[in-house]
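Just so you know, the sequences run in chain order A and B. Heads up, the first sequence stops at 197 in the UniProt record's numbering, and the numbers go up one at a time, no gaps. Heads up, the second sequence stops at 197 in the UniProt record's numbering, and the numbers go up one at a time, no gaps. Written out below as structure tokens is the structure these notes cover.
Number of protein chains: 2
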Amino acid sequence: MSASRDIDALIDMMARLPGLGPRSARRAVLHMIRKKELLLTPLADLMHHVAVSVRECETCGNIGGARLCDICTSEKRGTGEICVVEDVADLWAMERAAVFKGRYHVLGGTLSALDAIGPDELRIPRLVSRVAEENVTEVILALNATVDGQTTAHYIADQLEGRVRLTSLAQGVPIGGELDYLDDGTITAALRARKEL
Amino acid sequence: MSASRDIDALIDMMARLPGLGPRSARRAVLHMIRKKELLLTPLADLMHHVAVSVRECETCGNIGGARLCDICTSEKRGTGEICVVEDVADLWAMERAAVFKGRYHVLGGTLSALDAIGPDELRIPRLVSRVAEENVTEVILALNATVDGQTTAHYIADQLEGRVRLTSLAQGVPIGGELDYLDDGTITAALRARKEL
Ligand SMILES: [Zn+2]
Ligand SMILES: [Zn+2]
């Protein structure tokens, strides 16, 4: 393949990333080419390393480089509390707030009748087994304040009722808001003021 | 380096691309990881190929994979007309309009007293020598309608006056507008209605 075809293919593929369109993809590719040593080559290397090493944690669904993620294997993280989030972006948002010291469970989405996503398409059975097998005292449902997010929270609450303390993020999460858009302070306040389900 | 550090480094580097910030870089990286086979691995490969093969055309400054670019070596492109543009993004914009059948000269920027960019920082001496050496009958100055773009156009016109027919894109280029933002029809109209300097 010729260099100009590679460049065209690179632009087409970059344009498929969320937040980028054809024009911003063209600008990004030209910028990378201009900064070949600083940007294009290191980006290619990093992407290659990540593609080869990245995998989902078998316990919580977080991404990392081994069978279990850094958080699940960290001795600094408590085992009593599990914070349930929809996806890894939400886990990252929680970690940026740096207020939660327990472990996570990444569902991989929400229940959705429209998209035919049921409990088995998500990591819900694994959550139920973790609660049975680990020394879990509290499950914090940190799902987005959307219809699907709240439907999912209620479904999980039904599954776990009576087995563990169930709480949800409360104060500060705006109606219809998504966790990944919130500032750290709001997330901190919501966690501190969490309420019983 | 651990996978999570690679992921963090990848996000940091993606956030430095034009049009992306930290949040959109995080979303883009998660999206790429979710579509590892379709997106992350092929993107890494393409970036690597481009980084290894891309170079500037010795004649016109366009990017390609050889000493001379695809346009300079194409037998379908006329040698009589040279279209002078600021950068490769503008060349791409002209090519998308598909109305110009000659060759290009990419300056690599504009003259700028503020940024201390003089004629020798740009590809202006090479343009003057091309006009002397090739069978050039017309130089079309397709520079942006900005102050620096027009200053540069006047400087080039001074250098080439009396040696070649000099024209500029005219009708349709909005005041303060940049070529790369225009639709194909506007560029076509501007080229067709080009006027003598
Ligand atoms: Zn884990
Ligand atoms: Zn060329």
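C-beta atoms are modelled at their ideal positions from N, C-alpha and C, and glycine is treated no differently.
Residue i versus residue j - alpha carbon distance
i, j, result
"L30(B)", "P42(B)", "15 Å"
"E138(A)", "E56(A)", "23 Å"
"K35(B)", "D70(B)", "33 Å"
"V52(A)", "N135(B)", "53 Å"
"D87(B)", "L111(B)", "13 Å"
"E121(B)", "A157(B)", "17 Å"
"E95(B)", "V54(B)", "19 Å"
Contact test: residue i Cβ vs ligand 1 heavy atom, cutoff 7 Å
i, result
"L10(B)", "no"
"T188(A)", "no"
"L127(A)", "no"
"N62(A)", "yes"
DSSP state of residue i mapped onto helix, strand, coil
i, result
"E138(A)", "strand"
"E81(A)", "strand"
"L166(A)", "strand"
"R192(B)", "helix"
"V106(B)", "strand"
"E56(B)", "strand"
"G61(B)", "coil"
"residue 202(A)", "The question about residue 202(A) has no answer here: the residues shown for chain A are numbered 1 through 197."
"S112(B)", "strand"
Closest Cα partner of residue i within the set the options
i, options, result
"V164(A)", "L141(A), I63(A), R16(A)", "L141(A)"
"L39(B)", "L10(A), D180(A), L38(A)", "L10(A)"
"V84(B)", "G78(B), H49(B), G61(B)", "G61(B)"
"S4(A)", "N144(B), E37(B), A66(B), R16(B)", "A66(B)"
"L182(B)", "E133(B), L17(B), S168(B), A145(B)", "A145(B)"
"H48(A)", "E37(B), D120(B), M94(B)", "E37(B)"
"E75(B)", "K101(B), R126(B), S129(B)", "K101(B)"
Own chain, CB closer than 8 Å to residue i, minus 5 neighbours either side, in chain order
i, result
"A28(A)", "M14, L20"
Closer than 7 Å: residue i CB and nearest ligand 2 heavy atom
i, result
"C72(A)", "no"
"C83(B)", "no"
"L68(B)", "yes"
Other residues of its chain near residue i: CB distance less than 6 Å, five sequence neighbours each side excluded
i, result
"residue 233(B)", "Any answer about residue 233(B) is impossible in this case: the structure gives chain B only from 1 up to 197."
"M32(B)", "L39, L40"
"residue 218(B)", "Coverage of chain B is limited to positions 1 through 197, which leaves residue 218(B) absent and any answer about it impossible."
Beta-carbon proximity list for residue i, same chain, < 7 Å, skipping 5 on both sides
i, result
"L91(B)", "N62, V85, Y104, V106"
"D148(A)", "T110, L111, S112"
"A153(B)", "L141, L143, S168"
"A89(A)", "D180"
Residue i CB to nearest heavy atom of ligand 4 below 7 Å
i, result
"T59(B)", "No copy of ligand 4 occurs in the structure displayed; its ligands are ligand 1 and ligand 2 alone."
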